[in-house]
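Visitor: Just so we're aligned: 29 in full-length UniProt numbering is position 29 of the sequence shown, and the numbers increase by one with no gaps anywhere.
We treat Cβ as the ideally placed atom computed from N, Cα and C, and that holds for glycine.
Fair warning: this is a prediction, and the values are worked out from it, not measured in the lab.
This is the structure I have questions about; it appears just below.
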Amino acid sequence: ASTSTNRSPARTANPNPSTPTHKEDWKIIRHLLPNIWPKDDRTTKIRVVTALLLLAGGKILNVQVPFMFKHIIDSLSIPFDPNTFQGAWTVVGTMIAGFKLSIRFLGPLGSVYRDLR
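Here it is, written out as structure tokens:
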């Protein structure tokens, strides 16, 4: 008896008839396109472009927040001199307060941006 080493299942055009194919997806998109981008409606076009720009801006903002936090944390690692103990605590306290304020304002900023979109 010979054994087959091909373990990949046989590919079919669409194994589940209820699952749309890519061709059907594009057909649906082409059908909806006149509603999303009407020929004579400048207001709708402006709204669509604005929504896409806000969507992209929100993604950029969400990517930048961890980098901002990294910068804040990195600025906390200052050289410690025992002779300037009071100055070090002032800097650390200021940085912690700044970090808390950034969390306080950057979190809701994402929500505001999402609501604008």
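Kindly indicate the opening and closing residues of the alpha helix (DSSP H) around PRO66.
Guide: In the sequence shown, counting from the first residue as 1, residue 66 sits at position 66. Start and end: 42-76.
Visitor: What is the DSSP secondary structure of LYS39, reduced to helix, strand or coil?
Guide: Numbered from its first residue, the sequence shown carries residue 39 at position 39. Note: LYS39 maps to coil in three-state DSSP.
Visitor: For ILE72 versus PHE105, is the C-beta distance shorter than 7 Å?
Guide: Position 72 of the sequence shown, counted from the first residue, corresponds to residue 72. Position 105 of the sequence shown, counted from the first residue, corresponds to residue 105. Contact flag unset, no.
Visitor: Could you tell me the alpha carbon to alpha carbon distance between PHE69 and LEU61, rounded to whole angstroms?
Guide: Start at 1 with the first residue of the sequence shown, and residue 69 comes out as number 69. Start at 1 with the first residue of the sequence shown, and residue 61 comes out as number 61. For PHE69 and LEU61, the distance between alpha carbons rounds to 13 Å.
Visitor: Measuring only the C-alpha atoms, how far is SER77 from ILE46?
Guide: The residue given as residue 77 occupies position 77 in the sequence shown. The residue given as residue 46 occupies position 46 in the sequence shown. Spanning the two alpha carbons is a distance of roughly 47 Å.
Visitor: Quick check: LEU54 and LEU116, are their CB atoms within less than 7 Å of each other?
Guide: Counting from 1 along the sequence shown, the entry for residue 54 is found at position 54. Counting from 1 along the sequence shown, the entry for residue 116 is found at position 116. Cβ distance < 7 Å, so LEU54 and LEU116 count as in contact.
Visitor: Between THR21 and SER102, what straight-line distance do the alpha-carbon atoms span, to the nearest angstrom?
Guide: Along the sequence shown, read from residue 1 onward, the residue named residue 21 stands at position 21. Along the sequence shown, read from residue 1 onward, the residue named residue 102 stands at position 102. Each residue's alpha carbon lies about 46 Å from the other.
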